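Novice: The end of the sequence shown is residue 429 by this note's numbering, with every number in the run present.
Ideal Cβ positions, reconstructed from N, Cα and C, are used throughout, including at glycine.
From a predicted model like this one, the values you see are computed outputs, not experimental measurements.
I have a structure I would like to understand better, so I am pasting it below and will then ask my questions one at a time.
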Amino acid sequence: MSQNGRSRDTVCIQGGWQPKSGQARVLPIFQSTTFKYDDSDQMGRLFDLEDEGYFYTRLANPTNDAVASKICELEGGVAAILTSSGQAANFYALLNICEKGDHVISSATIYGGSTNLFTVTLKKMGIESTLVDPDASEEELEKAFKPNTKAVFGETIGNPSLVVLDIEKFAEVAHRHRVPLIVDNTFATPINCRPFEWGADIVTHSTTKYMDGHATSVGGCIVDSGNFDWKAHGDRYPGLTTPDESYHGIVYTEKFGKKAYITKATAQLMRDLGSIPSPMNSFLLNLGLETLHLRVPRHCENALKVARYLSTREDVAWIKYPGLKGDKYHDLAKKYMPDGTCGVISFGLKGGREAAVKFMDGLKLAAIVTHVADARTSVLHPASHTHRQLTDEQLVEAGVDPSMIRLSVGIESPEDIVEDIRQALER
Ligand SMILES: *Cc1c(COP(=O)(O)O)cnc(C)c1O
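Right, here's the structure in full:
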């Protein structure tokens with residue numbers, strides 16, 4: 003159930019766009035950069051954040067807002083904003099509460115792009131980060147905190163490590179140190195896990211993956227639970243709790259209450275940095291969301307069948323799939339994702355890196371693409387592709403074995419997928 007009592011299946015179809023009498027049944031694409039007003043004062047009030055309304059698509063657009071509101075309801079949040087990519091979502095989620103001189107803590111077993119964001123780009127901007135072992139005890143995690151720590155970050159299911167985050171443990175430690183937990187929920191999607199129910203404060207998505215689901219549109223989303231009390235920790239988050247001189251001295255927590263965090267992200271970050279999705283892409287994302295509740299369970303069912311097949315093969319050296327009994331993260335997966343985890347499996351062949359490349363070249367149905375989590379089965383070798391920039395040491399720290407094959411199981415016939423794998427292994 004979503005928080006206003008509707009089943010998530012219904013929200014996938016009907017959330018976001020609520021047409022009034024005579025309006026389009028389907029969410030329209032408001033492909034317009036700008037919006038017209040009858041008098042100048044009215045538009046002035048919008049610029050002062052005194053009135054709600056649209057004036058320029060970089061700040062807000064009705065198509066984008068409707069889709070953000072659907073994702074917000076699916077996650078059980080209070081406010082959400084779409085971004086032009088998952089990278090932009092994670093960057094803004096952090097930059098909204100961190101600045102030069104601050105520090106963030108992240109699980110080490112995250113997406114390669116996010117590792118680069120933390121260790122290269124944020125670092126250049128003067129924001130330091132500490133990468134921690136997600137399986138570390140609370141006592142060990144405590145040691146990573148500094149007086150200037152402003153956020154803790156992790157992925158529900160790491161891409162491609164498939165490490166399941168112990169969200170409750172991370173939330174408890176973060177809250178003990180008076181900072182929010184940000185969880186990238188891309189792989190699980192709100193169909194399988196709602197991190198807010200376990201103490202996460204902010205959720206991010208690369209909507210590019212299962213949410214779009216058809217590999218048409220790169221996009222991202224930030225959702226706020228409204229649960230983190232910025233005011234109580236005002237000394238740490240002055241950007242939210244003290245006057246913003248670029249908006250005539252408004253104080254976000256005073257004026258927008260539980261929507262302070264998302265309003266600030268829109269008013270400051272989108273205003274100054276851009277990174278909004280095009281309304282056309284949001285429309286396509288919405289079409290994907292309309293079947294998310296049907297596709298995600300099928301991805302999980304198919305992946306489990308493929309994982310079970312791989313685990314019977316002599317030539318497979320190891321396999322990681324949290325949905326599989328015996329997997330290191332199976333118990334955490336059952337706790338946080340009782341209905342299923344995701345469609346992504348990682349495994350290694352006994353022949354290592356070389357055998358991985360050969361196997362991939364022998365696949366016919368599964369395509370080699372830089373993508374995961376769309377309807378078509380696809381395959382990638384992280385060490386030669388997404389994580390190419392990392393050293394072998396960083397690869398291991400990120401949970402990526404150089405022999406790792408990342409298989410994104412699609413929603414074709416599971417028998418056909420297994421047959422394709424069989425013939426490629428036996429070539
Ligand atoms: C793909 C991905 C991202 C980056 O998203 P883009 O939409 O490609 O920018 C971030 N986090 C996770 C977990 C991802 O899988």
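Taking the beta strand (DSSP E) that D186 belongs to, which residues open and close that run?
Specialist: Counting from one through the sequence shown, the residue named residue 186 turns up at place 184. Residues 183 to 186.
Novice: Roughly how many angstroms lie between the CA atoms of A173 and E101, to the nearest whole one?
Specialist: Residue mapping note: residue 173 aligns to position 171 of the sequence shown, counting from 1. Residue mapping note: residue 101 aligns to position 99 of the sequence shown, counting from 1. C-alpha separation (whole angstroms): 22 Å.
Novice: Tell me, to the nearest whole angstrom, how far the beta carbon of I347 is from that of A305; I am working on the premise that it is less than 8 Å.
Specialist: In the sequence shown, the residue the question calls residue 347 occupies position 345. In the sequence shown, the residue the question calls residue 305 occupies position 303. About 6 Å; that satisfies the 8 Å criterion.
Novice: How is Y58 classed by DSSP in three states: helix, strand or coil?
Specialist: The residue you call residue 58 lines up with position 56 of the sequence shown. Three-state DSSP puts Y58 in a strand.
Novice: Taking the continuous alpha helix (DSSP H) assigned at D422, which residues delimit it?
Specialist: Position 420 of the sequence shown, counted from the first residue, corresponds to residue 422. Per DSSP, D422 belongs to the alpha helix (DSSP H) from 416 to 428.
Novice: Beta strand (DSSP E) containing S131: first to last residue?
Specialist: Counted from its first residue, the sequence shown places residue 131 at position 129. 130 to 134 is the extent of the beta strand (DSSP E) around S131.
Novice: Quick one: does the C-beta of D186 sit closer than 7 Å to a heavy atom of ligand 1?
Specialist: In the sequence shown, counting from the first residue as 1, residue 186 sits at position 184. Yes, Cβ of D186 sits closer than 7 Å to a heavy atom of ligand 1.
Novice: Quick test of the definition: if touching needs 3 or more C-beta pairs under 8 Å, does the segment 101 to 116 touch the segment 149 to 161?
Specialist: The segment 101 to 116, when compared against the segment 149 to 161, does touch it at the 8 Å Cβ threshold.
Novice: When you compare the CB positions of G354 and S405, do they come within less than 8 Å of one another, or not?
Specialist: To locate residue 354, count along the sequence shown from 1; it is residue 352. To locate residue 405, count along the sequence shown from 1; it is residue 403. Yes. Within cutoff.
Novice: Curious, which full-length beta strand (DSSP E) runs of at least 3 residues does the segment 74 to 156 contain?
Specialist: Listed in chain order, they are 81 to 85, 105 to 109, 130 to 134.
Novice: Quick one, which of N63, A91, C14 has its alpha-carbon nearest K72's?
Specialist: Taking the sequence shown and counting its residues from 1, the one referred to as residue 72 is at position 70. Closest option to K72, Cα to Cα, is C14.
Novice: The alpha helix (DSSP H) that contains K307, what's its start and end?
Specialist: Position 305 of the sequence shown, counted from the start, is the residue given in the question as residue 307. From DSSP, the alpha helix (DSSP H) with K307 extends over 294 to 312.
Novice: Opposite L351 in the DSSP bridges: which residues?
Specialist: Counted from its first residue, the sequence shown places residue 351 at position 349. L351 is bridged to V318.
Novice: Is F172 near ligand 1, going by C-beta to nearest heavy atom under 7 Å?
Specialist: Residue mapping note: residue 172 aligns to position 170 of the sequence shown, counting from 1. It does not: the Cβ of F172 is nowhere closer than 7 Å to a heavy atom of ligand 1.
Novice: Does the beta-carbon of V175 have 16 or more other beta-carbons within 10 angstroms, so that it is buried, or is it exposed?
Specialist: For the purposes of this step, residue 175 is taken as residue 173 along the sequence shown, with counting starting at 1. Buried: at least 16 other Cβ atoms inside 10 Å.
Novice: For W19 and E303, what's the separation of their Cα atoms in angstroms?
Specialist: Residue numbering aside, residue 19 sits at position 17 when the sequence shown is read from its first letter. Residue numbering aside, residue 303 sits at position 301 when the sequence shown is read from its first letter. Rounded to the nearest angstrom, the two C-alpha atoms are 31 Å apart.
Novice: Using 8 Å as the cut-off, can you tell me whether the segment 326 to 338 makes contact with the segment 356 to 375, which would need three or more C-beta pairs spanning the two stretches below that distance?
Specialist: No: the two stretches stay apart, fewer than three of their Cβ pairs being nearer than 8 Å.
Novice: Is the segment 29 to 40 in contact with the segment 253 to 272, if contact means three or more CB pairs nearer than 8 Å?
Specialist: Judged by Cβ distances under 8 Å, the segment 29 to 40 makes no contact with the segment 253 to 272, as fewer than three pairs qualify.
Novice: Under a three-way DSSP split, which group does T36 fall into?
Specialist: By one-based count along the sequence shown, residue 36 stands at place 34. Of the three classes helix, strand and coil, the one that applies to T36 here is strand, per DSSP.
Novice: Beta carbon of G459, beta carbon of V80: below 8 Å?
Specialist: Limits of the chain in this structure are 3 at one end and 429 at the other, which puts residue 459 out of reach.
Novice: Looking only at C-alpha atoms, which of F120, V225, G128, L133 sits nearest to T265?
Specialist: For the purposes of this step, residue 265 is taken as the residue at position 263 of the sequence shown. Closest by alpha carbon: V225.
Novice: Rounded C-beta distance between D214 and G290? I'm assuming under 8 Å.
Specialist: Counted from its first residue, the sequence shown places residue 214 at position 212. Counted from its first residue, the sequence shown places residue 290 at position 288. That pair is a contact at about 4 Å.
Novice: Check the DSSP bridge columns for C223 and list the partner residues they point to.
Specialist: The sequence position of residue 223 within the sequence shown is 221, counting from 1. Answer by DSSP bridge pairing, in chain order: L84, H207.
Novice: Buried or exposed for A95, please, with buried defined as at least 16 other CB atoms from any protein chain shown within 10 angstroms of its CB.
Specialist: Counting from 1 along the sequence shown, the entry for residue 95 is found at position 93. Buried, by the Cβ-count rule.
Novice: Comparing alpha-carbon positions, which option in F349, G345, P324 lies nearest K337?
Specialist: Taking the first residue of the sequence shown as 1, we reach residue 337 at position 335. Nearest C-alpha to K337: P324.
Novice: Would you call the segment 266 to 275 and the segment 229 to 249 in contact, with 3 or more CB pairs under 8 Å?
Specialist: Short answer: they touch.
Novice: Who are the near neighbours of T372 in its chain, counting only those whose CB is closer than 7 Å to its CB and skipping five residues on each side?
Specialist: Your numbering for residue 372 matches position 370 in the sequence shown. Answer for T372: L382, H387, T388, listed in chain order.
Novice: Could you work out which residue in T314, E140, S410 is closest to R424 when comparing CA atoms only?
Specialist: The sequence position of residue 424 within the sequence shown is 422, counting from 1. Ranking the options by Cα distance to R424, first place goes to T314.
Novice: Regarding A400 and ligand 3, is the C-beta to nearest heavy atom distance less than 7 Å?
Specialist: Absence of ligand 3 is noted for the structure shown, with ligand 1 being the only ligands found.
Novice: If you check the beta carbons only, do I278 and N66 fall under 8 Å apart?
Specialist: Mapped onto the sequence shown, residue 278 falls at position 276. Mapped onto the sequence shown, residue 66 falls at position 64. Yes, the pair counts as a contact, with Cβ atoms nearer than the cut-off.
Novice: Quick check: the Cα distance between L48 and S139, rounded to an integer number of angstroms?
Specialist: Indexing the sequence shown from 1 puts residue 48 at position 46. Indexing the sequence shown from 1 puts residue 139 at position 137. Cα to Cα, L48 sits roughly 48 Å from S139.
Novice: Express the C-alpha separation of T243 and A234 in angstroms, rounding to a whole number.
Specialist: As a first step, residue 234 must be located in the sequence shown, where it is residue number 232. As a first step, residue 243 must be located in the sequence shown, where it is residue number 241. Taking the straight line joining both Cα atoms gives about 9 Å.
Novice: How long is the line joining the alpha carbons of E52 and A68, rounded to whole angstroms?
Specialist: Position 50 of the sequence shown holds residue 52. Position 66 of the sequence shown holds residue 68. Their backbone Cα atoms lie some 21 Å apart in a straight line.
Novice: On a Cα-Cα basis, can you pick out the residue from T151, E292, A217 that is closest to D430?
Specialist: Given that the chain is displayed from residue 3 to residue 429, the structure contains no residue 430 and the question cannot be resolved.
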